[in-house]
Amino acid sequence: MAALELCTAAMSLNRINQHLGAIILIPIRRGFADSTGVSAAGRRGPPNRKPRRESGPPRYEKMSTDQDWTSVYPTAAAFKPCSVPLPVRMGYPVERGVHPAKEGNLELIKIPNFLHITPPAIKKHCEALKQFCTEWPSTLDSDVRCEEHFPIQMETKDFVFAGPSLRSPASRVVRLKVKLSCLNLDLHARRKLVKLAGPRYCRETDTLTLTADRCPLKRQNRDYAMYLLTALYHESWKTEAWEQEKTEEDMEEYVWEGSPSQKNVVDTLLRMRPDTEAEPCRDKLLTSAEVREYGTAVSQLKNEGESEEGVLRYREAVRQLLRL
C-alpha cells in the first residue's frame with residue numbers, strides 16, 4: 001500500500017516538472033507576442049498595427065500676427081498652451097530656477113483666464129448687441145438727474161476665482177441704497193424709519209443701506225431687499241398708541257420748534273422790545289434770522305454733542321440775538 005502511494009506521488013511530480021519545463025522551453029520567434037501584449041520586436045499590440053504618427057509643431061508656431069483671435073478663443077475655456085503664442089510661466093521655481101513653462105502646467109489650466117474677452121471680442125459683442133439697444137435719454141445728462149429719476153441704487157459684485165465652481169458665494173450679496181429725502185415721509189415717519197433702520201442709516205449722507213445675503217441667488221436677494229424697503233416704509237407711517245405718550249426726553253433727536261427754549265427766547269426778546277401787539281411781534285420774531293440761527297445752534301449742540309465748532313457757533317448766535 002505504501003509502495004503504491006509513493007509511486008503515485010512520483011508520477012504527479014514528474015508531470016509538474018514536465019509542465020514547468022514546457023513553459024520555460026517555449027521558443028521565442030520573431031513577431032511573437034506573449035500574454036502581456038508586448039511583441040518580440042519591442043512593440044505593444046498586434047504586429048500589423050500602424051505606427052503612431054508623430055505630433056507636429058505647436059499651433060502657435062503656425063499662427064500669423066494678424067489672425068482673428070476671437071476664432072481661437074470664442075468663449076470661456078481652459079488655458080491651452082499650444083494655442084496661446086505667449087511665453088507664459090507660472091508656478092513655484094525649483095532650486096532657484098525659473099518658473100515652470102506653460103507646457104503641461106496645471107497651475108495655468110485650473111485657474112480662469114480672460115483670453116475670450118479681449119478688446120476686439122468686446123467690440124464684436126457690442127456691435128452685435130447694438131441693434132437691440134436704445135439711445136440714452138437726453139434728459140439724463142448728469143448724476144443729479146439720474147438720482148432724481150432713479151433714487152434706488154442696487155450694487156452687486158461678480159467674482160472669478162479658482163475652485164470647483166465659477167460662482168462665488170460673495171456674488172449673491174445685494175446692497176440697496178436710497179436717500180430718505182427721495183421718499184415721501186413726514187417728520188414722524190422719517191424719525192421712525194431712522195429708528196427702525198438703526199446703523200443702516202448714515203446721517204452725514206442721508207442714505208439708507210440695506211444688505212441682503214440670505215438667499216442663494218442674486219435675484220432672490222434683490223427681491224428681498226426691495227421687500228425690506230417696502231416693509232420699512234409702511235411701518236414708519238404707522239402710529240402706535242404708545243407713541244402718543246412720548247415726551248421730549250424720549251425723542252430720538254432734539255427739535256427746537258415748540259420747545260421750552262424757543263418759548264424762553266421769544267419771551268426774553270418781547271421783554272426787551274415792549275410792544276402792544278404781542279402776537280404779530282411774536283410771529284415776526286420767530287421768522288427773524290437771529291432767532292433761526294440760535295435755534296440751529298441749539299439743535300446742533302443737543303443732537304451732535306458739544307464740540308469746539310458747535311460752542312463757537314452757539315456763542316455767535318447768542319451775541320447776535322442779544323446784540324452784544
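The sequence shown finishes on residue 324 if you use the UniProt record's numbering, and the numbering steps up by one all the way, no holes. The C-beta atom is built at its ideal place from N, Cα and C for all residues, glycine as well. Note that the structure is predicted; figures quoted are calculated from it, not measured.
Of the residues the options, the one placed nearest residue i, counting alpha carbons only
| i | options | result |
| --- | --- | --- |
| F150 | L312, K177, E135 | K177 |
| G97 | E103, D206, R89 | R89 |
| K124 | N303, T139, D68 | D68 |
| T156 | H234, Q131, S168 | S168 |
| E240 | A189, P199, S55, R271 | A189 |
Interface flag, residue i vs chain D, CB-CB below 8 angstroms
| i | result |
| --- | --- |
| R145 | The structure shown contains no chain D, having only a single protein chain. |
Residue burial classification, residue i (beta-carbon count within 10 angstroms, cutoff 16)
| i | result |
| --- | --- |
| V144 | exposed |
| V311 | exposed |
| I26 | Annotation note: pLDDT 44 at I26 (below 50); position unreliable, coordinate value reported separately. With fewer than 16 Cβ atoms within 10 Å of its Cβ, I26 is classed as exposed. |
| V94 | exposed |
| A231 | exposed |
Cα-Cα separation between residue i and residue j, rounded to whole angstroms
| i | j | result |
| --- | --- | --- |
| Y201 | C281 | 40 angstroms |
| K263 | L269 | 10 angstroms |
| T296 | I122 | 55 angstroms |
| L60 | R222 | Inspection of the sequence shows that residue 60 is occupied by Tyr rather than by Leu. So the two alpha carbons sit approximately 45 angstroms from each other. |
| E148 | C182 | 8 angstroms |
| D66 | R52 | 34 angstroms |
| Q300 | K179 | 21 angstroms |
| L185 | L129 | 41 angstroms |
| M63 | H99 | 25 angstroms |
| L86 | T70 | 16 angstroms |
| W136 | C126 | 15 angstroms |
| V38 | V84 | Low confidence applies here, because V38 scores a pLDDT of 49, under 50, leaving its location unreliable and the question unanswered by this model. |
| E306 | T139 | 45 angstroms |
C-beta contact flag for residue i and residue j at 8 angstroms
| i | j | result |
| --- | --- | --- |
| L196 | S236 | yes |
| T209 | R175 | yes |
| V318 | L286 | no |
| residue 391 | Y294 | Any answer about residue 391 is impossible in this case: the structure gives the chain only from 1 up to 324. |
| P74 | H116 | yes |
| V194 | E252 | yes |
>> Below 8 angstroms, how does it come out for the stretch 211-231 and the stretch 254-261: are there three or more Cβ pairs, yes or no?
In response: They do not touch, by the three-pair rule.
> Are there three or more Cβ pairs, one per stretch, closer than 8 angstroms when the stretch 100-109 is compared with the stretch 73-84?
Replying inline: Result yes; three or more Cβ-Cβ pairs closer than 8 angstroms.
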